[in-house]
Amino acid sequence: MQLKIGKAQGRDFSIDAQELVTGRTCIIAQSGAGKSWSIAVLCETMCRAKIGFCLIDTEGEYYSLKEKFPDILWIGAEGADADVDDISLDYDIEKINIKQLVSKAVSESRPIIFDVSEVDMVPRVTRLAHVLYDVASEQKKPYLLIVEEADKFIPQSRDSIKKIEEISRRGRKRGLGLLVATQRPAIVTKNVLSQCNNQIIGKLSIDNDLKAVGIFFSSKQEVEELTTLNPGDFFVMGSLAHEKTKIQFGKRQTKHRGVTPLLEEREIVEYFEEEEEEEEEDMSIYEDAGRITRPDKPEDDEEDENISKLPEILLTDHPEEEQEKNDFQTEEENPKTPGIKEEDKPKPKPAQKKAARKKITRSTTKSPEEAVINLIERDEAFEIAGTKLRRKRFGFGSGERLISGNMIYIPLFHVSVKYIRGRFRKTTQHTSFVIDGVKGRCVDTAGGLKFRPCFSDYIGLDENSIKVLNVMSFSGETVADLEGMTRLKQSPVKSALSRLEERKMVTISDTVGESDEPVYVPLITSTLPKLGTRQRNFDFRTGTLNGEKWDINIKEGDIRTILKALEPTSEIIEFRLYYYPLFEIKAGSDLEERTLYIDALSGREVIINI
Ligand SMILES: Nc1ncnc2c1ncn2[C@@H]1O[C@H](COP(=O)(O)OP(=O)(O)OP(=O)(O)O)[C@@H](O)[C@H]1O
Numbered sequence: 001m002q003l004k005i006g007k008a009q010g011r012d013f014s015i016d017a018q019e020l021v022t023g024r025t026c027i028i029a030q031s032g033a034g035k036s037w038s039i040a041v042l043c044e045t046m047c048r049a050k051i052g053f054c055l056i057d058t059e060g061e062y063y064s065l066k067e068k069f070p071d072i073l074w075i076g077a078e079g080a081d082a083d084v085d086d087i088s089l090d091y092d093i094e095k096i097n098i099k100q101l102v103s104k105a106v107s108e109s110r111p112i113i114f115d116v117s118e119v120d121m122v123p124r125v126t127r128l129a130h131v132l133y134d135v136a137s138e139q140k141k142p143y144l145l146i147v148e149e150a151d152k153f154i155p156q157s158r159d160s161i162k163k164i165e166e167i168s169r170r171g172r173k174r175g176l177g178l179l180v181a182t183q184r185p186a187i188v189t190k191n192v193l194s195q196c197n198n199q200i201i202g203k204l205s206i207d208n209d210l211k212a213v214g215i216f217f218s219s220k221q222e223v224e225e226l227t228t229l230n231p232g233d234f235f236v237m238g239s240l241a242h243e244k245t246k247i248q249f250g251k252r253q254t255k256h257r258g259v260t261p262l263l264e265e266r267e268i269v270e271y272f273e274e275e276e277e278e279e280e281e282d283m284s285i286y287e288d289a290g291r292i293t294r295p296d297k298p299e300d301d302e303e304d305e306n307i308s309k310l311p312e313i314l315l316t317d318h319p320e321e322e323q324e325k326n327d328f329q330t331e332e333e334n335p336k337t338p339g340i341k342e343e344d345k346p347k348p349k350p351a352q353k354k355a356a357r358k359k360i361t362r363s364t365t366k367s368p369e370e371a372v373i374n375l376i377e378r379d380e381a382f383e384i385a386g387t388k389l390r391r392k393r394f395g396f397g398s399g400e401r402l403i404s405g406n407m408i409y410i411p412l413f414h415v416s417v418k419y420i421r422g423r424f425r426k427t428t429q430h431t432s433f434v435i436d437g438v439k440g441r442c443v444d445t446a447g448g449l450k451f452r453p454c455f456s457d458y459i460g461l462d463e464n465s466i467k468v469l470n471v472m473s474f475s476g477e478t479v480a481d482l483e484g485m486t487r488l489k490q491s492p493v494k495s496a497l498s499r500l501e502e503r504k505m506v507t508i509s510d511t512v513g514e515s516d517e518p519v520y521v522p523l524i525t526s527t528l529p530k531l532g533t534r535q536r537n538f539d540f541r542t543g544t545l546n547g548e549k550w551d552i553n554i555k556e557g558d559i560r561t562i563l564k565a566l567e568p569t570s571e572i573i574e575f576r577l578y579y580y581p582l583f584e585i586k587a588g589s590d591l592e593e594r595t596l597y598i599d600a601l602s603g604r605e606v607i608i609n610i
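Sequential numbering of the sequence shown, starting at 1, is according to the UniProt record's numbering.
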């Protein structure tokens with residue numbers, strides 16, 4: 001029997017029903033890539049073909065299948081259906097005789113939705129796996145166990161439900177097939193993944209996950225293609241199809257409950273006056289304009305090795321290797337500026353650094369706050385950190401080992417701004433960007449957090465001081481130069497300079513002319529970016545923060561003042577706080593201790609300098 005599940009190159013695409021129901025299949029794709037949708041399509045197709053299955057529903061999102069297929073038995077905790085119209089729970093998970101029910105369902109090929117979204121999942125699923133295995137051994141009828149979010153139940157690093165592993169090895173002979181779905185193949189036990197002779201693989205981006213599915217592809221190029229897939233696009237491989245095929249899963253017959261809540265629609269450009277057009281540059285807020293030319297830290301694109309034993313990682317001495325950047329180290333962000341010798345360049349005074357250090361505090365949250373949900377688990381972060389240490393990139397002596405690893409959240413603000421642009425034809429433009437709430441640096445969230453100085457040096461200054469500081473260069477300017485550059489009058493320039501001098505942000509480096517006009521140079525390294533039109537979305541899945549976090553030092557008013565100095569018409573229309581998870585991994589030897597930060601979504605190392 002063939003089951004039609006979607007389209008490949010415009011044509012209907014079907015898979016082998018026998019292989020799906022009694023074989024071992026994995027569905028792998030990152031969040032939002034269409035796993036739940038695809039599983040629902042498979043379930044709808046099986047319902048139509050009267051094939052029995054039991055779906056472990058961790059999010060309470062599959063009950064809608066009952067809209068069209070009332071035969072399905074929905075088992076869950078009472079209350080799980082509180083906000084569901086027309087569809088009601090069939091059995092209370094706390095009260096059922098699971099053996100009896102499963103036995104009946106298998107014998108009648110009736111589908112079950114085993115909704116564990118409201119209960120302690122692992123014990124329930126362990127019991128279910130035992131019961132299913134026993135029933136299958138007795139009845140030997142084709143029946144499929146579907147495990148959503150398999151990393152919760154059969155993780156690589158912690159205790160995996162052994163019965164599910166057994167089903168993957170010995171279920172087929174009993175007619176009991178297994179379909180496991182995960183967004184994190186790197187952390188699902190290889191005991192099961194290696195048993196999957198069928199694979200349905202969609203979009204992936206995390207390096208470790210791409211590596212984990214590499215075994216199913218014949219070239220690196222094919223694996224790379226996974227990063228470009230759209231939601232609903234999957235490669236179907238193994239015995240399900242004649243050959244590896246890229247497909248788009250078909251439409252659902254029932255409502256999809258796993259939809260992402262959508263942002264409100266916003267108008268992006270409104271035209272004010274239809275007059276002469278002005279040439280506009282599309283400079284992004286991320287494109288630094290002047291003084292600073294610091295390149296991004298190169299990404300660590302070396303291959304990660306697999307390390308199974310942690311944290312016992314010992315290093316040898318490598319004193320010649322680069323020492324890790326110290327926290328609060330601002331000099332190293334200082335680029336080599338053309339036209340000024342390194343030794344002539346004024347250095348920030350230690351007092352400045354001390355002041356900054358005092359501000360950085362952390363606390364443990366008490367009230368519910370919005371936090372991005374981590375994709376990397378602690379053990380995996382340890383593994384990544386261990387690999388880095390083993391490569392001796394941070395070597396500072398033998399006997400170094402991983403000491404601790406905890407999740408810590410960094411506050412990030414998603415800032416949306418509107419402003420008016422154009423001298424003749426005025427248009428309202430929008431731009432949005434992400435800054436960190438500790439120092440006010442611009443943050444790039446794609447593929448692991450990266451920070452740029454951006455607003456950080458300008459926080460807490462008044463508008464005129466910001467204007468003056470922003471136009472200054474290391475070759476130095478007189479008051480008259482600054483008047484011209486900022487279009488401010490002499491007295492506001494002078495008072496701005498004296499405030500900046502007080503804060504040790506500018507200094508006099510020389511004098512010129514007969515009247516010994518002072519020449520001012522900045523003591524900070526970065527200039528502000530230009531306002532652009534690029535919009536940075538912040539579309540991560542969020543939940544409630546629960547753990548340690550850095551305290552917020554940045555206020556909306558600080559950013560508003562800077563934006564006004566950059567562009568007087570600018571207006572902040574959103575200033576939304578999110579907490580972003582990192583793993584703080586401490587490593588050390590008897591002599592020294594150091595901290596590595598691992599992005600809890602991408603698994604990349606983050607140079608945070610807080
Ligand atoms: N085959 C498809 N056809 C049309 N839209 C799709 C398809 N697959 C996915 N989508 C769209 O992508 C969205 C995300 O899909 P889905 O909820 O299945 O992702 P997911 O991988 O299960 O994510 P998560 O792991 O976060 O639950 C859906 O709400 C739907 O809008």
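Backbone N, C-alpha and C fix where the C-beta goes; we use that ideal spot for every residue, glycine too.
In this text the structure is predicted, and so the values were computed from the model without any measurement.
(message) Nearer than 7 Å: is that true of the beta carbon of S36 relative to any heavy atom of ligand 1?
(response) Along the sequence shown, read from residue 1 onward, the residue named residue 36 stands at position 36. At least one heavy atom of ligand 1 lies less than 7 Å from the C-beta of S36.
(message) Rounded to whole angstroms, what is the Cα-Cα separation between D16 and I146?
(response) As a first step, residue 16 is located in the sequence shown; it is residue number 16 there, counting from the start. As a first step, residue 146 is located in the sequence shown; it is residue number 146 there, counting from the start. So the alpha carbons of these two residues sit roughly 17 Å apart.
(request) Quick one: grab the DSSP three-state call for H130. (result) If you number the sequence shown from 1, residue 130 lands on position 130. Helix at H130.
(request) Flag this pair as yes or no: are the beta carbons of R362 and K549 separated by less than 8 Å? (result) For this step, residue 362 is matched to residue 362 along the sequence shown. For this step, residue 549 is matched to residue 549 along the sequence shown. Yes. Within cutoff.
(request) Check whether the Cβ of P231 lies closer than 7 Å to any heavy atom of ligand 1, and answer yes or no. (result) Residue mapping note: residue 231 aligns to position 231 of the sequence shown, counting from 1. Within the cutoff, so yes.
(request) Assess, as a yes-or-no matter, whether the region 204–222 is touched by the region 48–60 under the definition of 3 or more beta carbon pairs within less than 8 Å. (result) In short, these stretches do not touch, since the Cβ pair count stays below three.
(message) DSSP three-state label for R480, please.
(response) For the purposes of this step, residue 480 is taken as the residue at position 480 of the sequence shown. Reading off the sequence, residue 480 comes out as Ala, not Arg. Here A480 sits in helix by DSSP.
(request) Measure the CB-CB distance between L601 and L461 and report whether it falls below 8 Å. (result) Residue mapping note: residue 601 aligns to position 601 of the sequence shown, counting from 1. Residue mapping note: residue 461 aligns to position 461 of the sequence shown, counting from 1. Result no, Cβ atoms of L601 and L461 do not sit closer than 8 Å.
(request) Can you say whether V188 is buried or exposed, counting buried as having 16 or more other CB atoms within 10 angstroms of its CB? (result) Translated into the one-based positions of the sequence shown, residue 188 becomes position 188. Answer is buried; the Cβ neighbour count reaches 16.
(request) With DSSP as the reference, label F433 as helix, strand or coil. (result) Along the sequence shown, one-based indexing puts residue 433 at 433. Strand.
(request) Could you say which of E502, E166, E380 and T569 lies nearest to D423 if we only look at CA atoms? (result) On the sequence shown, residue 423 is found 423 positions in, with the first residue counted as 1. Note that residue 423 is Arg in the sequence shown here, rather than Asp. With distances taken between Cα atoms, R423 lies closest to T569.
(message) Determine whether the beta carbon atoms of G447 and P231 lie at a separation below 8 Å.
(response) Position 447 of the sequence shown, counted from the first residue, corresponds to residue 447. Position 231 of the sequence shown, counted from the first residue, corresponds to residue 231. No. Outside cutoff.
(request) Quick one: grab the DSSP three-state call for M407. (result) In the sequence shown, the residue the question calls residue 407 occupies position 407. Shown here, M407 sits in a strand according to DSSP, grouped into three states.
(request) To the nearest angstrom, report how far apart F249 and V606 are at their CA atoms. (result) The sequence position of residue 249 within the sequence shown is 249, counting from 1. The sequence position of residue 606 within the sequence shown is 606, counting from 1. One C-alpha to the other measures close to 36 Å.
(request) Could you tell me how far apart the beta carbons of T542 and I373 are, in whole angstroms, since I believe they sit closer than 8 Å? (result) Here residue 542 is taken as the residue at index 542 of the sequence shown, counted from 1. Here residue 373 is taken as the residue at index 373 of the sequence shown, counted from 1. Correct: roughly 6 Å between the Cβ atoms.
(request) Buried or exposed for R110, please, with buried defined as at least 16 other CB atoms from any protein chain shown within 10 angstroms of its CB. (result) Along the sequence shown, read from residue 1 onward, the residue named residue 110 stands at position 110. Looking at its Cβ environment, which holds 16 or more other Cβ atoms inside 10 Å, R110 is buried.
(message) With a threshold of 6 Å on Cβ separation, who are the neighbours of K68 within its own chain once the five nearest residues in sequence on each side are excluded?
(response) Position 68 of the sequence shown holds residue 68. Hits under 6 Å: Q253 and T254.
(request) For the beta strand (DSSP E) containing I200, list its first residue and its last residue. (result) The count along the sequence shown starts at 1 and reaches residue 200 at position 200. Looking at the DSSP string, the run of the beta strand (DSSP E) that includes I200 is N198 to I201.
(message) Assuming contact is defined by CB atoms lying nearer than 8 Å, are V135 and V106 in contact in what I supplied?
(response) The residue labelled residue 135 in the question sits at position 135 within the sequence shown. The residue labelled residue 106 in the question sits at position 106 within the sequence shown. Cβ distance < 8 Å, so V135 and V106 count as in contact.
(request) Would you please state the rounded distance, in angstroms, between the beta carbons of Y63 and A40? I believe it to be under 8 Å. (result) Position 63 of the sequence shown holds residue 63. Position 40 of the sequence shown holds residue 40. So it is not a contact: roughly 11 Å between Cβ atoms.
(message) Could you check whether the Cβ of Q253 sits closer than 7 Å to any heavy atom belonging to ligand 1?
(response) Counted from its first residue, the sequence shown places residue 253 at position 253. Incorrect: Q253 has no Cβ contact closer than 7 Å to ligand 1.
(request) Would you decide whether V512 is buried or exposed? Buried here means 16 or more other CB atoms lie within 10 Å of its CB. (result) By 1-based counting over the sequence shown, the position of residue 512 is 512. V512 is exposed by the Cβ-count criterion.
(request) Could you check what DSSP says for I187 in three-state terms: helix, strand or coil? (result) What you label residue 187 is simply residue 187 of the sequence shown in a count that begins at 1. If DSSP states are grouped into helix, strand and coil, I187 belongs with the helices.
(request) Quick one: give me the first and last residue of the alpha helix (DSSP H) that D209 is part of. (result) One-based indexing of the sequence shown puts residue 209 at position 209. It spans D207 to V213 - the alpha helix (DSSP H) in which D209 sits, taken as one unbroken run.
(request) Determine, using beta carbons only, whether K494 and V471 come nearer to each other than 8 Å. (result) Numbered from its first residue, the sequence shown carries residue 494 at position 494. Numbered from its first residue, the sequence shown carries residue 471 at position 471. In this structure, V471 does not lie closer than 8 Å to K494 by Cβ.
(request) Pick helix, strand or coil for Q535, following the three-state DSSP scheme. (result) Position 535 of the sequence shown, counting from 1, holds the residue named residue 535. Of the three classes helix, strand and coil, the one that applies to Q535 here is strand, per DSSP.
(message) With a threshold of 7 Å on Cβ separation, who are the neighbours of I508 within its own chain once the five nearest residues in sequence on each side are excluded?
(response) Here residue 508 refers to the residue found at position 508 when the sequence shown is read from its first residue. These residues qualify, in order along the chain: P518, V519 and Y520.
(message) If I follow the unbroken alpha helix (DSSP H) through G386, where does it start and stop?
(response) Along the sequence shown, read from residue 1 onward, the residue named residue 386 stands at position 386. Residues R378 to R390.
(message) Strictly by DSSP, which residues pair up with E369?
(response) What you label residue 369 is simply residue 369 of the sequence shown in a count that begins at 1. Answer is none; E369 lacks a bridge partner.
(request) State the Cα-Cα distance for the pair I360 and D457, rounded to the nearest angstrom. (result) Residue 360 sits at position 360 when you count from the first residue of the sequence shown. Residue 457 sits at position 457 when you count from the first residue of the sequence shown. Roughly 15 Å between the two C-alpha positions.
(message) Less than 7 Å between C-beta atoms, sequence neighbours within five positions excluded: which residues of the same chain meet that for D551?
(response) Locating residue 551 in the sequence shown gives position 551, where the first residue counts as 1. Taken in chain order, the residues that qualify are T361, R362 and S363.
(message) Within 8 Å, do at least three Cβ pairs link the region 217–225 to the region 19–36?
(response) no
(request) Return the residue from the list G52, E574 and L412 that minimises the CA-CA distance to L582. (result) Stepping through the sequence shown from its first residue, residue 582 is reached at position 582. Looking at the Cα atoms, L412 is the closest of the given residues.
(message) Can you look up S509 in the DSSP assignment and give me helix, strand or coil?
(response) Taking the sequence shown and counting its residues from 1, one reaches residue 509 at position 509. S509: strand per DSSP, three-state reduction.
(request) Tell me whether the beta-carbon of E380 lies closer than 8 Å to the beta-carbon of L545. (result) Your numbering for residue 380 matches position 380 in the sequence shown. Your numbering for residue 545 matches position 545 in the sequence shown. Result no, Cβ atoms of E380 and L545 do not sit closer than 8 Å.
(message) Counting C-beta neighbours from all protein chains within 10 Å, is the total for N464 16 or more, i.e. buried, or is it exposed?
(response) Position 464 of the sequence shown, counting from 1, holds the residue named residue 464. That one is buried.
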